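So the protein lines, in turn, are chains A and B.
Take 116 as the starting number for the first sequence in this note's numbering and just add one per residue.
Take 116 as the starting number for the second sequence in this note's numbering and just add one per residue.
A short worksheet on the structure shown next.
Protein chains: 2
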Amino acid sequence: MLDERKASILRAVVEEYIQTAQPVGSGHIASAPGVQVSSATVRNEMAALESDGFLAQPHTSAGRIPTEKGYRYFVDALTRPSLDRTASQQVRAFFDQAHGEIEQMLADTTRLLTGLTDYAAVVIGPAHEAAAVRSVQLVSLAPRVALFVAVLGNGAIEKRTIDLGEAVEEDVLAAASAALSEHVIGGPLAATIALASAPDPAVEAVLGAVRTAVATAAGDDTDQVFVNGASRMAASFEAVETVRSVLTILEQQLVVVSLLRDVVDRGLDVAIGSETGMQPLADCALVVAPYTVDGEQVGTVGVLGPTRMNYPQALAAVAVVGQRLGNRLSEG
Amino acid sequence: MLDERKASILRAVVEEYIQTAQPVGSGHIASAPGVQVSSATVRNEMAALESDGFLAQPHTSAGRIPTEKGYRYFVDALTRPSLDRTASQQVRAFFDQAHGEIEQMLADTTRLLTGLTDYAAVVIGPAHEAAAVRSVQLVSLAPRVALFVAVLGNGAIEKRTIDLGEAVEEDVLAAASAALSEHVIGGPLAATIALASAPDPAVEAVLGAVRTAVATAAGDDTDQVFVNGASRMAASFEAVETVRSVLTILEQQLVVVSLLRDVVDRGLDVAIGSETGMQPLADCALVVAPYTVDGEQVGTVGVLGPTRMNYPQALAAVAVVGQRLGNRLSEG
DNA sequence: GTTGGCACTCGGTAGGATCGAGTGCCAACC
DNA sequence: GGTTGGCACTCGATCCTACCGAGTGCCAAC
């Protein structure tokens, strides 16, 4: 725990550095509001903060910049989420008029977040496993190929191509559809698909193909990920190499999902630099918030920016968007 | 038209510059295979090529770099698409094992293209307008909300949230589904949706809602766009600012679609720099190829790289991938 | 028409001087 | 004892200069 004055100085350093991206010297801090001591005193305190690991010096005769520990303390103890009026109005307006397909809405949500924060935004869609099935159907596409289509309660669709092996009559397909409907509708897809069966061996063969098709891809890459604002990363960093490696991460949906999930599972709302566990994100910070639909945690929203991000704003934006998105999806 | 020797020199300059990204001097060219004259002669020819607008000099005492006109001549007259063995095997292997959902396959196709070329890849999915409908269905999601689901012949799904205005009985929804099925199945969705009607006013009301919902969003953003390898842009350019503006373009799906469509419509397979018509792409070249399904042109594949891209390779890769993708989608 | 020769250009690099923001330390002060 | 003004010091950034060399344009000779 830092004493009052050290805390004020650390806060001032972080805030200044976030704004200017330049190492900040004792002079600037001494003239900042909230610090009423001379630059010499500030220097002493900053030296102490440095030896405690909250600040670092790029080189001897430069100002200080916050370390990861410094940012962490800032986030945990020195600031609180805050969203300005226009931003919260923007959020309100967005969710008031949001409508249409769920995928479109989630994609638009990423745009909202990048607009609010000017960082890259990620939204992970509600997991399909949990959602109740409203309708299932088998549609013949080609003599030996059918499409299994399940409509979920939230308007999402789960589909799977079924290789039937041999030509199957329309009415067998219809019978299989009926058998599936009977057992699956109203429950979650993954859990109930095993229950469907039929006495007729031809129908049963089709059901078998459907079961395996649904099982194989389940939980694998069924998560829908929406990413937006990757171009903002280029604005946040000087080095092209940094931009490239961060973009590479953002392009890998599976990596992004596990990254966000991991952070949420650790109970964090911010992961700073190495806390992300990914070396290419050493200069990045990730702000996340899970959202709940009908009380159940089903997805995550987040923004990815430089470690010197505007944490109060990002935290507030992500929190309120997650909250609102959950509400919006809960009402159906 | 350039004489033989000027052509050889231009080709050598372009090839060298593509490889090294450095202005190339007369000495290098004179020692290149296919040019048997002294550097002095090369200098004379290069001066001529410059005054004809094929080459440019960054500054007086530097080598030459190709202009857009130089690249254009190179592409049109000095080179032919060529793909090395391993690359064509990669393509073959990919399409031999490609299977599953169409969206997944298209997304994987972008990955194939970035892998082949090391540039950003774009695939525009088959337009839904043309595809024959295999199945339509109305699924109730909430008391006043239904989901219209159409399964298309290629395995794609078109869906639309329907705001019913007031609560509608299950059986009315079923009747509307049946009426839709009757008129729409077998034809293209956009064209046949207007035909569906029913005597019962309650059912007709539902059908009206469906018609407007399908009509409003038709042809708007129904194109599926898949982009991959944006991080490669960062590797191609020095300036972060360039990377940022190109990324901004790639993030706007509508812009990407109209860009590719525009190039294809002009009958080009390559758009170089300002030929793209987009200022931020001044340093980029776009290689595209439309693909056909059952003889009809339904989509486009392309790669976006720096103007100094490997045209022979990119042209060949895009052409063969477009060809194979069309075949793959035609066989159903 | 081609070529070797040559003076010239000019970006890139290296070395050196200077500047100034910022530091650590110390003695004086309250 | 904590705070502060003063001061010598550090070191990156900036600017200048010299220099190098790749490359050019031009010209006279072949």
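Idealized CB from N, CA, C, for every residue including glycine.
Quick caveat, the model's predicted, so the values are computed rather than measured.
For a quick check, are the C-beta atoms of residue i and residue j less than 9 angstroms apart?
i: B:Asn442; j: A:Leu256; result: no
i: B:Val321; j: B:Val371; result: no
i: B:Arg259; j: B:Leu279; result: yes
i: B:Ser351; j: B:Gly420; result: yes
i: A:Asn159; j: A:Ala235; result: no
i: B:Val379; j: B:Leu198; result: no
i: B:Ala305; j: B:Val329; result: yes
i: A:Leu125; j: A:Val237; result: no
i: A:Val318; j: A:Arg275; result: no
i: A:Gln428; j: A:Ala163; result: no
i: A:Val413; j: A:Ala245; result: yes
i: A:Ser176; j: A:Val157; result: no
i: A:Gly168; j: A:His143; result: no
i: B:Ala271; j: B:Leu295; result: no
i: B:Asp338; j: B:Gln367; result: no
i: B:Ile239; j: B:Val340; result: yes
i: B:Val287; j: B:Glu273; result: no
Is residue i helix, strand or coil by DSSP?
i: B:Arg249; result: strand
i: B:Thr331; result: helix
i: B:Gln412; result: strand
i: A:Tyr234; result: coil
i: A:Ile300; result: coil
i: A:Asp199; result: coil
i: A:Ala257; result: strand
i: A:Phe189; result: helix
i: A:Phe169; result: coil
i: A:Gly240; result: coil
i: B:Ala400; result: strand
i: B:Gly437; result: helix
i: B:Asn159; result: helix
i: B:Gly417; result: strand
Would residue i pass as an interface residue toward chain B - the criterion being a Cβ-Cβ separation below 9 angstroms?
i: A:Gln252; result: yes
i: A:Gly410; result: no
i: A:Ser445; result: no
i: A:Ala350; result: yes
i: A:Gly215; result: yes
i: A:Glu366; result: yes
i: A:Leu362; result: yes
i: A:Arg249; result: yes
i: A:Ser153; result: no
i: A:Leu256; result: yes
Name the chain A residues that come within less than 7 angstroms of residue i, Cβ to Cβ?
i: B:Leu262; result: Val266 and Gly270
Taking C-alpha atoms, which residue in the options lies nearest to residue i?
i: A:Met424; options: A:Ala400, A:Val435 and A:Leu444; result: A:Ala400
i: A:Leu117; options: A:Gln394, A:Thr307 and A:Gly185; result: A:Gly185
i: B:Ser166; options: B:Thr182, B:Ala305 and B:Gln339; result: B:Thr182
i: B:Gly417; options: B:Leu365, B:Leu262, B:Ser312 and B:Ala246; result: B:Leu365
i: B:Leu362; options: B:Asp380, B:Asp398 and B:Ala265; result: B:Asp398
i: A:Gly149; options: A:Ala122, A:Thr135 and A:Ala155; result: A:Ala122
i: B:Ser292; options: B:Ile272, B:Glu281, B:Val251 and B:Ala309; result: B:Val251
i: B:Ser360; options: B:Asp409, B:Gly230, B:Gln339 and B:Leu396; result: B:Leu396
i: B:Leu170; options: B:Phe189, B:Ser312 and B:Ala213; result: B:Phe189
i: A:Val403; options: A:Gly388, A:Leu383 and A:Ser389; result: A:Leu383
i: B:Ala147; options: B:Arg120, B:Gln172, B:Pro173 and B:Ala136; result: B:Arg120
i: B:Thr229; options: B:Glu411, B:Ser154, B:Leu430 and B:His243; result: B:Leu430
i: A:Gln394; options: A:Tyr406, A:Thr357 and A:His298; result: A:Thr357
i: B:Gly301; options: B:Pro316, B:Thr327, B:Ala290 and B:Leu267; result: B:Leu267
i: A:Gln134; options: A:Ala213, A:Gly410, A:Tyr426 and A:Ala247; result: A:Tyr426
i: B:His174; options: B:Ser153, B:Val139, B:Arg187 and B:Gln151; result: B:Val139
i: B:Ser373; options: B:Glu411, B:Glu353 and B:Thr415; result: B:Thr415
Identify the contact partners of residue i in chain B, using a Cβ-Cβ distance below 7 angstroms as the criterion.
i: A:Val358; result: Ala349, Val355 and Val358
Establish whether the CB of residue i and some CB of chain A are separated by less than 9 angstroms.
i: B:Gly344; result: yes
i: B:Asp278; result: yes
i: B:Arg275; result: yes
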